[in-house]
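One structure is given here, and the rest of the page talks about it.
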Amino acid sequence: MSKKFFDLYFEYAGVGRSESPAVFHRWAIIGCVGTMLGRQVRIPFGHGQIYPNQFIMLMGTPGTRKSTAINTAVKVLKSTGYTRFAGDKTSKEAFLRDMKQNDATDFLSDADLEEMTLDSPAEVCIAADEFTDFVGQNNMDFLTMLTKLWDCPPDYKNPKMQGKNVAVHQPTVNILSGNTLQGFSLAFPAEALGNGFMSRLLFIHGEPTGKKVTFPQPPEFEITERVIFYMNTIKERIKGDMSFSEEHANFLVNNGDGTFEDAIYLINLAKEKIKEQFNIDIEEEIIIYK
319 MSKKFFDLYF EYAGVGRSES PAVFHRWAII GCVGTMLGRQ VRIPFGHGQI
369 YPNQFIMLMG TPGTRKSTAI NTAVKVLKST GYTRFAGDKT SKEAFLRDMK
419 QNDATDFLSD ADLEEMTLDS PAEVCIAADE FTDFVGQNNM DFLTMLTKLW
469 DCPPDYKNPK MQGKNVAVHQ PTVNILSGNT LQGFSLAFPA EALGNGFMSR
519 LLFIHGEPTG KKVTFPQPPE FEITERVIFY MNTIKERIKG DMSFSEEHAN
569 FLVNNGDGTF EDAIYLINLA KEKIKEQFNI DIEEEIIIYK
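In the numbering used here, the protein residues as written are 319 to 608.
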């Protein structure tokens, strides 16, 4: 992401006037951008791929305003239309249920969810300003499952919700959380220190700003609109490993591992946007063969 975007977001978040440190605001919005993109973007990595999902934990003493940074960024994320959030407090089984329920049009029973097969990724964002409240104390089963889900496997199977395996298609999990040293010691038992979950966490330490703001001022409407527009633009301009050229909008750039489907998605997106904004039907100058 460019400096221009961070400058814009910092203005929106009130960095310099906020009680929350700038580093918290920066990583909170980075986490939300990764959440918004989901599996839409990928980076080739050896025989596999890396997706932009992240496990972020803002660390600081009580009163560092971790929740302020998290809630500010999450509000922007929701404004882009993202709705797939985990509950404030949950169990391992309920978490998997929520991942599948997020893509259901109606509330389904456990039996229905076990039989439900999805074509799209089962995405979820854990936005927890107190991570220990979300995951509970010493819950190694839950932490181990989250460790496996960080890798974005094609499918994840968990045994026995109602006597059968629960299969989650393309699970994509993001964590934007906060914690204190005391809370950290409660959430993670000693054996967790050697667990892969720790190597997947991004610990972001922040110091109190020393500012006390009794009545924070809301951001200007224009700034809010620009931030949301920028976020949506990020999502629309990239698909897989294919993107629009920054030199000329008529060109698509294969960044290394772009696919035919990625290119067609962006072509159709451009046609839709031109039609929507200018009521002009544009056509490809090339013949497309699959």
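From the three backbone atoms N, C-alpha and C, an ideal C-beta is built for every residue, glycine too.
Just so it is clear, the structure is predicted and the values come from calculations on it, not from any experiment.
Residue i, DSSP secondary structure in three states
{"i": "Thr288", "result": "Outside the modelled stretch of the chain, which goes from 319 to 608, sits residue 288, for which no answer is possible."}
{"i": "Ala422", "result": "Confidence at Ala422 is low in this model, with a pLDDT of 47, below 50, so its placement is unreliable and the value that follows should be read with caution. Three-state DSSP puts Ala422 in coil, outside helix and strand."}
{"i": "Ser561", "result": "strand"}
{"i": "Ile361", "result": "strand"}
{"i": "Gln367", "result": "strand"}
{"i": "Ile556", "result": "strand"}
{"i": "Phe506", "result": "coil"}
{"i": "Phe403", "result": "strand"}
{"i": "Cys470", "result": "coil"}
{"i": "Glu590", "result": "helix"}
{"i": "Ser397", "result": "helix"}
{"i": "Gln500", "result": "helix"}
{"i": "Asp451", "result": "helix"}
{"i": "Asp599", "result": "coil"}
{"i": "Phe324", "result": "helix"}
{"i": "Gly352", "result": "helix"}
{"i": "Asn389", "result": "helix"}
{"i": "Asp465", "result": "One point to set straight first is that residue 465 is Thr, not Asp, in the sequence displayed. Looking at Thr465 - three-state DSSP - the assignment turns out to be helix."}
{"i": "Asp333", "result": "The displayed chain sequence assigns Val, not Asp, to residue 333. In the structure shown, Val333 sits in coil (DSSP, three-state: anything other than H, G, I, E or B)."}
{"i": "Glu457", "result": "Contrary to the premise, residue 457 reads as Asn rather than Glu in this sequence. Coil at Asn457, not helix or strand."}
{"i": "Thr551", "result": "helix"}
{"i": "Val341", "result": "helix"}
{"i": "Phe515", "result": "helix"}
{"i": "Val545", "result": "helix"}
{"i": "Glu579", "result": "helix"}
{"i": "Phe539", "result": "helix"}
{"i": "Phe533", "result": "coil"}
{"i": "Glu411", "result": "helix"}
Counterpart residues of residue i in DSSP-defined beta bridges
{"i": "Lys475", "result": "Ala485"}
{"i": "Ser495", "result": "Met375 and Ala446"}
{"i": "Leu520", "result": "Ile374"}
{"i": "Thr490", "result": "Glu441"}
{"i": "Val571", "result": "Ser561"}
Residue environment, residue i, which counts as buried when at least 16 other CB atoms sit within 10 Å
{"i": "Lys407", "result": "exposed"}
{"i": "Ser495", "result": "buried"}
{"i": "Met458", "result": "exposed"}
{"i": "Asp580", "result": "buried"}
{"i": "Lys529", "result": "exposed"}
{"i": "Thr551", "result": "exposed"}
{"i": "Thr401", "result": "exposed"}
{"i": "Thr382", "result": "buried"}
{"i": "Phe578", "result": "exposed"}
{"i": "Lys384", "result": "buried"}
{"i": "Phe449", "result": "buried"}
{"i": "Asn497", "result": "buried"}
{"i": "Ala508", "result": "exposed"}
{"i": "Gly364", "result": "exposed"}
{"i": "Gly512", "result": "exposed"}
{"i": "Val394", "result": "buried"}
{"i": "Asn572", "result": "exposed"}
{"i": "Phe506", "result": "buried"}
{"i": "Ile361", "result": "exposed"}
Option in the options with minimal Cα separation from residue i
{"i": "Val442", "options": "Gly378, Gln372 and Gln455", "result": "Gln372"}
{"i": "Asp473", "options": "Pro370, Phe342 and Gln488", "result": "Gln488"}
{"i": "Arg335", "options": "Phe533, Leu376, Glu448 and Met417", "result": "Phe533"}
{"i": "Glu337", "options": "Lys589, Ser563 and Val531", "result": "Val531"}
{"i": "Cys350", "options": "Ile546, Ile361 and Ala485", "result": "Ile546"}
{"i": "Asp447", "options": "Leu326, Ala346, Leu395 and Asn513", "result": "Ala346"}
{"i": "Glu329", "options": "Pro370, Glu554, Asn568 and Pro537", "result": "Pro537"}
{"i": "Glu554", "options": "Leu414, Thr398 and Gly524", "result": "Thr398"}
{"i": "Cys470", "options": "His523, Val359 and Val394", "result": "Val359"}
{"i": "Lys475", "options": "Phe506, Glu525 and Leu414", "result": "Leu414"}
{"i": "Pro380", "options": "His523, Glu590 and Phe569", "result": "His523"}
{"i": "Leu461", "options": "Gly514, Ala485, Pro439 and Met417", "result": "Gly514"}
{"i": "Glu411", "options": "Val486, Arg344, Pro439 and Met560", "result": "Val486"}
The region 510-524 / the region 465-477 touching (three or more Cβ pairs under 8 Å): Verdict: yes, contact present.
Below 8 Å, can you find three or more Cβ-Cβ pairs linking the region 348-368 to the region 497-507? No contact exists between the region 348-368 and the region 497-507.
Is it a yes or a no for the region 387-403 touching the region 578-596, going by three-plus beta-carbon pairs under 8 Å? The region 387-403 makes no contact with the region 578-596, as fewer than three CB pairs between them are under 8 Å.
Between the region 449-456 and the region 397-416, do at least 3 Cβ pairs fall closer than 8 Å? yes
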